[in-house]
Amino acid sequence: MTIDPGTMKYLISARLETDGIVEKPDVVGAIFGQTEGLLGEELDLRDLQKSGRIGRIEVEIDSRKGRSAGLVYIPSSLDQVETSIMAAALETIDRVGPCKAQIKVEKVEDVRVTKRNKIIERAKQLLGSMLEGSKATGVDLLDEVRSSVQISEIASFGPERLPAGPNVQDSEAILIVEGRQDVLNLLRSGIKNAVAVEGTNVPKSVQDLSKQKVVTAFLDGDRGGDLILKELLQVAEVDFVARAPRGHEVEEMTQKQIMKALRNKIPAEQYVEMYGLGAAYKPSEKGSVPEGPMPEDREPEARPESRPIARAVPVEAPEPPEPAPMRAMPVARPVEPRSAAKALPAGSEKYREMLLQIGGTSRAKIIRDDDSVAAEVPVRELVETLKHNGKGAKAVVFDGIITQRILDIATDIGLRSVIGTKMGTVTKPPAGIDILTREDLA
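Residue numbering for the sequence shown follows our numbering, starting at 61 and increasing by one per position.
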């Protein structure tokens, strides 16, 4: 079927059936002949076709077993009313050639709606292709520029020429990561103070740098990250530990994941206690912790006399620990001489109630002199909160491990009591501070 689109606003579709064999010219002749004079001069089919308001009549017909049937299509550029009248007139035709016939109009289709739908669908396809091309070009451009900037920004550190961000030397704090791709991914997120160790063998330059900077070990959440962390804890001074989600690598983390992991970093002393890494931990020399390795939490009976006296904790010899798994306390409670007296400070009952309230929440409460709560913060923010807002408080109660770092800060700001869940690696218990654990308050 070939229809002139220039004359078509509507398309009349009708089905034709005859009781004899007829051909296309017979059908066209019957339409013109039997509608002539029927609708008046204004709707005369011949005149309308000459003026272009009715298009070429198309007929599709098939003859079988002495009968004919087919479809008739009449394009129209008349208005809706006139087109409807013309369609109804077709149904008055009762003979085609010598045969009886019946014509039934099936539909009058608004071709413009169909065209509009086709236009919309095609426009969607074209727009999608255009946007895809523009997006790809923009992404490629951004990636290319960003990559070139990152490559130009990545520097080499130390004689080992380790991959590092441009701010490693000047920044007060650094991140230690595993490899070059980790440094590049951090650069994408705007973090320029990372240095890579390139394996489990921590370079000497990184060991020396860790003594001068505040160090955060930011490692993959797999076994490789565990091994590198153990090595770092043994040979370098690590202040904080941040890890990628379990089974993920730093190089594949998004900016949001990176920032979340760094916000949730844990002090190294607390991380050691949480995961039983006491034997691998070398305490930081940047605080008040004395130089020397921490007492190991493995095989305590095999090495009771092997430590030089000059490097031991200056308190009475602790009791031998009971048989316990690797998560046992690494120093066998060095503050035992204080607790042996069973003398609890005033207000201990209130502290016990507070500790029970925040149990399992990993939160901390800073207490004023009038026993009111000055601040309640997550344990991971306790160190910074005490540094900046802890002066004037008398105690801190928190659902976490009491570490040397927290006790040092408590001494600096004049706290009188530190209450935590349990005792961690404390090599120098401060004088004048009541240190209480859940066990002491039980």
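Ideal Cβ placement from N, Cα and C applies to all residues, glycine included.
Being a predicted model, the structure only gives us computed values, none of them experimental.
Residue i to residue j span [Cα, whole Å]
{"i": "residue 419", "j": "residue 296", "result": "33 Å"}
{"i": "residue 121", "j": "residue 103", "result": "26 Å"}
{"i": "residue 449", "j": "residue 455", "result": "13 Å"}
{"i": "residue 261", "j": "residue 286", "result": "13 Å"}
{"i": "residue 75", "j": "residue 93", "result": "18 Å"}
{"i": "residue 432", "j": "residue 458", "result": "15 Å"}
{"i": "residue 405", "j": "residue 497", "result": "13 Å"}
{"i": "residue 130", "j": "residue 105", "result": "21 Å"}
{"i": "residue 486", "j": "residue 470", "result": "13 Å"}
{"i": "residue 270", "j": "residue 474", "result": "29 Å"}
{"i": "residue 335", "j": "residue 290", "result": "11 Å"}
{"i": "residue 259", "j": "residue 463", "result": "30 Å"}
{"i": "residue 143", "j": "residue 134", "result": "10 Å"}
{"i": "residue 422", "j": "residue 292", "result": "26 Å"}
{"i": "residue 88", "j": "residue 151", "result": "14 Å"}
{"i": "residue 316", "j": "residue 278", "result": "15 Å"}
{"i": "residue 407", "j": "residue 272", "result": "41 Å"}
{"i": "residue 585", "j": "residue 147", "result": "No statement about residue 585 is possible, as the shown extent of the chain runs from 61 to 502 and does not include it."}
{"i": "residue 307", "j": "residue 324", "result": "17 Å"}
{"i": "residue 179", "j": "residue 236", "result": "58 Å"}
{"i": "residue 314", "j": "residue 410", "result": "44 Å"}
{"i": "residue 500", "j": "residue 442", "result": "22 Å"}
{"i": "residue 321", "j": "residue 447", "result": "22 Å"}
{"i": "residue 241", "j": "residue 222", "result": "12 Å"}
{"i": "residue 184", "j": "residue 230", "result": "53 Å"}
{"i": "residue 90", "j": "residue 193", "result": "56 Å"}
{"i": "residue 298", "j": "residue 337", "result": "13 Å"}
{"i": "residue 302", "j": "residue 326", "result": "7 Å"}
Contact belief for residue i with residue j at Cβ below 8 Å, rounded distance in angstroms
{"i": "residue 249", "j": "residue 169", "result": "With 8 Å as the limit, residue 249 and residue 169 do not qualify as a contact, their Cβ atoms being about 58 Å apart."}
{"i": "residue 304", "j": "residue 281", "result": "4 Å"}
{"i": "residue 489", "j": "residue 467", "result": "7 Å"}
{"i": "residue 86", "j": "residue 156", "result": "5 Å"}
{"i": "residue 493", "j": "residue 476", "result": "6 Å"}
Under 7 Å between C-beta atoms of residue i and residue j
{"i": "residue 234", "j": "residue 275", "result": "yes"}
{"i": "residue 257", "j": "residue 266", "result": "yes"}
{"i": "residue 238", "j": "residue 318", "result": "no"}
{"i": "residue 461", "j": "residue 333", "result": "yes"}
{"i": "residue 425", "j": "residue 436", "result": "yes"}
{"i": "residue 300", "j": "residue 255", "result": "no"}
{"i": "residue 245", "j": "residue 227", "result": "no"}
{"i": "residue 263", "j": "residue 220", "result": "yes"}
{"i": "residue 160", "j": "residue 79", "result": "yes"}
{"i": "residue 440", "j": "residue 434", "result": "no"}
{"i": "residue 153", "j": "residue 163", "result": "yes"}
{"i": "residue 128", "j": "residue 165", "result": "no"}
{"i": "residue 123", "j": "residue 69", "result": "no"}
{"i": "residue 309", "j": "residue 465", "result": "no"}
{"i": "residue 508", "j": "residue 84", "result": "Since the first residue shown for the chain is 61 and the last is 502, residue 508 is missing from the structure and cannot be characterised."}
Residue i CB to nearest heavy atom of the ligand PLP below 6 Å
{"i": "residue 117", "result": "Within the structure as shown, the ligand PLP is missing, as the structure has no ligands at all."}
Checklist entry - Counting pairs of Cβ atoms below 8 Å between the region 174–191 and the region 106–122, do you hit three or more? => result No: the two stretches stay apart, fewer than three of their Cβ pairs being nearer than 8 Å.
Next on the checklist: My parser needs the alpha helix (DSSP H) runs of 4 or more residues fully inside the region 105–178; what are they?
Outcome noted: Runs of the alpha helix (DSSP H) lying entirely within the region 105–178, each at least 4 residues long, are 105–110, 140–150 in chain order.
Next on the checklist: As an exercise, report each continuous alpha helix (DSSP H) stretch of at least 4 residues that is fully enclosed by the region 247–273, in chain order.
Outcome noted: Complete alpha helix (DSSP H) runs here, min 4: 264–270.
Checklist entry - Any chance the region 410–428 sits against the region 466–486, with 3 or more Cβ pairs inside 8 Å? => result Two segments are said to touch when three or more pairs of C-beta atoms, one from each, lie closer than 8 Å; by this definition the region 410–428 touches the region 466–486.
Checklist entry - Should the region 86–101 be regarded as contacting the region 165–179, the criterion being three or more beta carbon pairs within less than 8 Å? => result Look at the beta carbons and you see the region 86–101 not touching the region 165–179: under three pairs across the two are nearer than 8 Å.
Checklist entry - Which runs of the alpha helix (DSSP H), 4 residues or longer, sit entirely within the region 420–460? => result Within the region 420–460, the complete alpha helix (DSSP H) segments of 4 residues or longer fall at 442–449, listed in chain order.
Next on the checklist: Going residue by residue through the region 292–339, where are the continuous beta strand (DSSP E) segments of at least 3 residues, counting only ones entirely within it?
Outcome noted: Listed in chain order, the complete beta strand (DSSP E) runs (minimum 3 residues) inside the region 292–339 are 300–303.
Item to check | Segments of 4+ residues assigned as alpha helix (DSSP H) that fall wholly inside the region 61–95 | outcome: With a minimum length of 4 residues, the continuous alpha helix (DSSP H) runs that stay inside the region 61–95 are 84–95.
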